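Mapping to the UniProt record's numbering: the sequence shown position 164 is 164, numbers consecutive. Notes follow once the structure below has been shown.
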Amino acid sequence: MFQNIHRGFTLIEILVILAVAILLSAFAWEGLQGIQEEHELGNEAEKVAQTLRDAQNRATASEEESAYGVKFDMASSPHRYILFRGGSFAGGEAIQDSPLSSRMEFSSANFDGGDEVVFERIDGSTLQSGAVSLRLAGNSNVMRTIYVEDSGKITWAATTAPSDNDRVTDSRHTHIDYSRVIDTLTESLILDFGSTTYSIPLNANVSGGQIVWEGEINVSGEPQTLKVHTHRLNNPDTQFSVHRDRRLNTKGFVLKISGDPSGSPAGKIIEYEDDGSITSGGESIYADTPLIQ
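Here it is, written out as structure tokens:
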């Protein structure tokens with residue numbers, strides 16, 4: 001009888017050992033699968049980063065005297081990223097179209113409010129800093145994010161990107177859609193500070209098919225640092241982007257465009273107060289409500 005009991009316990013022990021072995025094997029397989037997925041995602045992310053570097057290198061070398069950029073298409077299946085020549089994807093020329101692996105997808109792509117980043121000629125900087133994130137399709141737990149800074153630096157960490165709270169507190173970055181066709185040969189943007197007026201002739205400030213201007217203006221002895229550019233220009237409308245950092249600016253101003261007779265004052269696109277708040281009223285009939293980014 002004791003011998004049978006001993007055999008029974010031995011059988012139970014064997015079953016327990018088998019169960020534990022199966023569980024350990026399952027965990028090990030799951031772990032190996034996770035490592036493989038992370039490896040695949042890392043490889044895919046590196047390909048995207050390399051395409052961004054390629055675009056920047058071409059722009060720095062001023063190939064064909066043009067800017068270069070990358071567009072991230074999240075509407076296609078699979079998602080894809082496209083290297084292009086020019087100041088925008090819509091007005092440029094596609095050079096290389098790269099689909100993601102069917103197991104991968106972009107979870108987000110935000111470059112200054114858009115889904116493309118353009119590197120400027122010679123210095124390789126960009127007016128569209130931001131980030132693009134990749135993940136396993138439908139799995140937000142495994143992700144890689146690539147950041148592009150204003151300087152054009154491409155990194156795996158957000159080294160200088162401000163938090164959302166900082167952006168609201170310290171600066172204003174605003175988009176304004178504008179529906180009138182702009183004559184870039186004859187028209188100018190005007191920064192009206194009241195005591196000081198500064199004119200930006202468009203024929204001298206168009207690069208890669210976009211308006212691009214950045215500078216410092218002395219207003220009553222105080223320097224004001226501003227950036228005005230477009231994300232699209234006459235395609236078919238225009239989207240202005242205004243950067244006014246509250247840490248660098250103390251004077252309010254009105255941004256106007258010379259060829260527009262509507263609004264009060266004429267051609268008014270947007271108006272800032274000294275504290276950086278936006279004043280509404282009197283805008284051109286072609287200017288939409290400003291959207292703070």
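Note that the Cβ used here is the ideal one computed from N, Cα and C, for glycine as well. These numbers were taken from a predicted model, which means no experiment stands behind them.
- A distance below 6 Å between beta-carbons, with the five flanking residues on each side excluded, links ALA55 to the following residues of its chain, in chain order: TYR68, GLY69, VAL70, LEU83, PHE119.
- Under DSSP, no beta-bridge partner is assigned to TRP156.
- ARG247 sits exposed, since fewer than 16 C-beta atoms from the chains shown fall within 10 Å of its C-beta.
- By the Cβ criterion, the region 57–68 is in contact with the region 109–124, since at least three pairs of Cβ atoms, one from each stretch, lie closer than 8 Å.
- Measuring C-alpha to C-alpha distances from GLU271 to each of SER258, LYS251, PRO261 identifies LYS251 as the nearest.
- Judged by DSSP in its simplified three-state form, VAL181 adopts coil rather than helix or strand.
- Note: GLN224 is bridge-paired with ILE217 in the DSSP secondary-structure output.
- 8 Å or more divides the Cβ of GLY259 from the Cβ of GLU214.
- DSSP, read as helix, strand or coil, puts ALA131 in strand.
- LEU52 carries a helical assignment under DSSP once its states are collapsed to helix, strand and coil.
- Scanning its chain for C-beta atoms nearer than 7 Å, with the 5 sequence neighbours on each side dropped, one finds no residue around SER76.
- LEU41 sits close to LEU134, with the two beta carbons spaced by under 8 Å.
- The Cβ-Cβ distance between LEU255 and VAL228 falls below 8 Å.
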